[in-house]
Each structure stands twice: as structure tokens, then as C-alpha cells.
Amino acid sequence: WSAFAPDFKELDENVEYEERESEFDLSDE
Amino acid sequence: TVLLALHDRAPQLRISEDRLSVTGEKGYCMVRSTHAVSRGSWYFEVTVDDMKDGSAARLGWAQEYANLQAPLGYDKFGYAWRSRKGTRFHESRGKHYSSSYGEGDVLGFLIVLPNDI
Amino acid sequence: SLPMAMRFRHLRETAKITVGVFRSDIHGRGLFCLRDIDGGEMVIEYAGEVIRSSLTDKREKYYTAKGIGCYMFRIDDKSVIDATMKGNAARFINHSCEPNCYSKVVDILGKKHILIFALRKIIQGEELTYDYKFPLEEDKINCHCLSRKCRKYLN
Numbered sequence: 004w005s006a007f008a009p010d011f012k013e014l015d016e017n018v019e020y021e022e023r024e025s026e027f028d029l030s031d032e
Numbered sequence: 048t049v050l051l052a053l054h055d056r057a058p059q060l061r062i063s064e065d066r067l068s069v070t071g072e073k074g075y076c077m078v079r080s081t082h083a084v085s086r087g088s089w090y091f092e093v094t095v096d097d098m099k100d101g102s103a104a105r106l107g108w109a110q111e112y113a114n115l116q117a118p119l120g121y122d123k124f125g126y127a128w129r130s131r132k133g134t135r136f137h138e139s140r141g142k143h144y145s146s147s148y149g150e151g152d153v154l155g156f157l158i159v160l161p162n163d164i
Numbered sequence: 002s003l004p005m006a007m008r009f010r011h012l013r014e015t016a017k018i019t020v021g022v023f024r025s026d027i028h029g030r031g032l033f034c035l036r037d038i039d040g041g042e043m044v045i046e047y048a049g050e051v052i053r054s055s056l057t058d059k060r061e062k063y064y065t066a067k068g069i070g071c072y073m074f075r076i077d078d079k080s081v082i083d084a085t086m087k088g089n090a091a092r093f094i095n096h097s098c099e100p101n102c103y104s105k106v107v108d109i110l111g112k113k114h115i116l117i118f119a120l121r122k123i124i125q126g127e128e129l130t131y132d133y134k135f136p137l138e139e140d141k142i143n144c145h146c147l148s149r150k151c152r153k154y155l156n
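Protein chains in written order, with the working numbering: chain A, 4 to 32; chain B, 48 to 164; chain C, 2 to 156.
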């Protein structure tokens, strides 16, 4: 089923998301 | 004495014994001081003791309802000055303010409020 | 009767042969069991990206803007599992007002996991469902679970 969604990644276990510095920003300067 | 608050902060932040320093890791979150101001002019300074490569800080003023699990300046309740590029943030919108700051720098924060509440 | 951590370790190997994703009469695709499952058996983990709660609003808006269906499961006040772009087959489990499974947040060796357990014996070929327990909201989402006790809305 995951082959139908090319951007999707199938996981065996949870992965901790690593936030970017600009994670919460709507716009930079 | 104005110190970093133990109960008004994101729990994952590490506060020093003297409650004058804070260390964070991973995503942005916030700690506030023990005392707030509501009128008149006030000033405080922060020294950046240690800033590893890839890390960043956002410092400034926050109101009570600011989200502690987000960077300062994420919502309408805070005003931030970012170490990276020296950008100022409010409501998640960054605007140019100064050049970047980092380890060893001392930042000053002034607030001027009306004298009547 | 085995400790939760042991059952969880075993689950990693067995989940892939226990369940599979197929077309569902309830909605789109669903998760179906490929063998008989006993009541109380640990079936699958709802796996995905562990994100802070404060990130969910922004992500939801992003997915909605892109027309991507949002698959999120709240662990607790602090964290959420986002299975929208990275996840496993558990994201396909549909809601039912008369479910045959239930979800539970379990702490295993200091980390929290969302686990799906069978409420009763489930026969091979049955679709697996659990009660999403969405909070009440103004904007209603229709329920198509086809059960006799259907509450009509997911929220």
C-alpha cells in the first residue's frame, strides 16, 4: 500500500521528529 | 530576587542551581522569570555562555499566555530576538533587526510601558 | 500474561503477518486480520513520527492546504504520533461505534507507545476497528461504521 504514495515512508517503529530552527516560523526576515 | 521560574517553564529545560542560567536542547521552548512587570520602564540583560554549532536562542519579553512549548515570538503573546541572523519575531513573522549574536555576547532588553495599567 | 515489554518486542515480528491493508466497506482502505486473533491480544502499534503537541496545528493546516488526509493520534498532553507522511498499517484502522479493538498508551522502557489490542476474538478476514473517541465538536464528521449502535458522528 505504501507504494501508492511515493512521499510516504513506511515505518517499523516510531521515529522522533527532529525540529528545524525555523519549525514554527511563518516567515523569515 | 528575579530568577528563572521553576514552575513557569517547559519541563525539558535544564535550570542551573542558582536559577540564573538555562540550557535547552532539541526544539524551541521557553522559560520565564519569576516576576512580571505591568507598567513603567524595565531592563534586563542576558549573557550567552555557550552556544554549540547549530543551536539558537530567542530571547525577549512574553506575556502570561505565551505557549511555553514553542519559541518566544511564536504567538501574539511574545516578542523575540533571535541569535541566528539577529531577526526579531512576533506572531511567527521574522523581520530584520540586527546582525546575529552568539556565544559571549550580552543582550539587553528594554520595555517601556504606560505608567497606568 | 507476559510482561508488556516482552509482548511489544514480539509484536514487531508478528504484526506484519497478522494484519493487512485492504479496501474497506466502512471507508476507503481498512486494516484486516490475516489470521484469527484472540481477545486481549496485542495486534499492532500505531507508529509514526513523534512530534510535540505544539506542532500539530501547523501540520494540520499544511496537510489540509495540500489536500493530504491527516493521520494523527494523541499520546498525551505533550506528544502526538503523526502517521500522515511516515507510519505503518495501523493508520488505516477505521473507527467503529461497535469496535473489535481498543487503543491504549503504554509506557515501555520509558517511552510511550500507542498499542492496539483486540477486545474480543476476531476471525480471519474481519476488519479491525476501534473507537476513535474524538471530542465533541461543532463541525460534525459523519460516521459510516455500519454498526447497529452507530452514533452517526465521529465527533
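Quick reminder that beta carbons are idealized off the backbone N, C-alpha and C, glycines included.
Just so it is clear, the structure is predicted and the values come from calculations on it, not from any experiment.
Closest by C-alpha distance to residue i, when choosing among the options
i: ALA90 (chain C); options: A:GLU32, A:GLU22, A:LEU14; result: A:LEU14
i: VAL78 (chain B); options: B:SER63, B:TRP128, B:ALA52, B:ASP152; result: B:ALA52
i: HIS145 (chain C); options: C:ASP83, C:TYR154, C:GLU14, C:ARG60; result: C:TYR154
i: GLU128 (chain C); options: C:PHE23, C:VAL106, C:ASP83; result: C:PHE23
i: ILE158 (chain B); options: B:LEU60, B:TYR90, B:TYR112; result: B:TYR90
i: CYS98 (chain C); options: C:MET7, C:ASP37, C:TYR131; result: C:TYR131
i: LYS73 (chain B); options: A:ASP10, A:LYS12, A:VAL18, A:GLU24; result: A:GLU24
i: PRO1 (chain C); options: C:PRO136, C:LYS150, C:GLY70; result: The structure shown does not extend to residue 1 (chain C), since chain C is modelled only from 2 through 156, so no value can be given for it.
i: ASP70 (chain B); options: B:VAL95, B:ASN114, B:THR81; result: The displayed chain sequence assigns Thr, not Asp, to residue 70 (chain B). For THR70 (chain B), the nearest C-alpha among the options comes from B:VAL95.
i: GLN110 (chain B); options: B:GLY101, B:GLY133, B:TYR121; result: B:TYR121
i: GLY155 (chain B); options: B:PRO58, B:CYS76, B:VAL93; result: B:VAL93
i: GLU138 (chain C); options: C:ASN156, C:SER80, C:GLY126; result: C:ASN156
i: LEU160 (chain B); options: B:THR81, B:CYS76, B:TRP108, B:VAL153; result: B:TRP108
i: LEU29 (chain A); options: B:ALA57, B:ASP152, B:ALA104, B:HIS137; result: B:HIS137
Buried versus exposed, by CB contacts within 10 Å (16 or more), residue i
i: TYR63 (chain C); result: exposed
i: VAL117 (chain C); result: Here residue 117 (chain C) is Ile; the residue named in the question, Val, does not match the sequence. Flag for ILE117 (chain C) reads buried.
i: ALA83 (chain B); result: exposed
i: LYS122 (chain C); result: exposed
i: LEU119 (chain B); result: buried
i: PHE93 (chain C); result: buried
i: ALA84 (chain C); result: buried
i: ILE124 (chain C); result: exposed
i: ARG36 (chain C); result: exposed
i: THR48 (chain B); result: exposed
i: LEU3 (chain C); result: exposed
i: SER55 (chain C); result: buried
i: GLY31 (chain C); result: buried
i: TYR20 (chain A); result: buried
i: ILE18 (chain C); result: exposed
heavy atom of the ligand MG below 7 angstroms from residue i C-beta
i: CYS102 (chain C); result: What this structure holds is no ligand at all, so the ligand MG is not there to describe.
Contact list for residue i against chain B, beta-carbon separation under 9 angstroms
i: SER158 (chain C); result: As shown, chain C starts at 2 and ends at 156. That puts residue 158 (chain C) outside it, with no answer to give.
Beta bridge counterpart(s) of residue i as assigned by DSSP
i: LEU119 (chain B); result: Its beta-bridge partners do not exist; DSSP assigns none.
i: ALA109 (chain B); result: B:GLY125
i: SER80 (chain B); result: B:LEU51
i: THR70 (chain B); result: B:ARG61
i: GLU1 (chain A); result: Outside the displayed range of chain A (4 to 32) lies residue 1 (chain A), so it cannot be described from this structure.
i: THR94 (chain B); result: B:VAL153
i: GLY141 (chain B); result: B:PHE136
i: TYR103 (chain C); result: C:PHE118
i: GLU128 (chain C); result: C:PHE33
Interface partners of residue i on chain A, CB under 9 angstroms
i: ARG13 (chain C); result: ASP15, GLU16
i: LEU56 (chain C); result: TYR20, GLU22, GLU26, PHE27
i: HIS114 (chain C); result: GLU16, ASN17
Listed by chain order, chain C residues near residue i by CB distance under 9 angstroms
i: GLY71 (chain B); result: None at all; the shortest Cβ gap to chain C is about 13 angstroms.
i: ASN114 (chain B); result: SER55
Beta-carbon neighbours of residue i, restricted to chain C and to distances below 7 angstroms
i: GLY74 (chain B); result: ARG53
i: GLU24 (chain A); result: None at all; the shortest Cβ gap to chain C is about 14 angstroms.
Under 7 angstroms by beta carbon: chain A residues contacting residue i
i: GLY141 (chain B); result: ASP28, SER30, ASP31, GLU32
i: LYS132 (chain B); result: GLU32
i: ALA117 (chain B); result: PHE27
Neighbour list for residue i in chain A, Cβ cutoff strictly below 8 angstroms
i: TYR121 (chain B); result: PHE27
Within the region 20 to 101 of chain C, note down every full beta strand (DSSP E) run reaching 3 residues or more, in order along the chain. 20 to 24, 30 to 34, 43 to 46, 49 to 53, 73 to 75, 80 to 88
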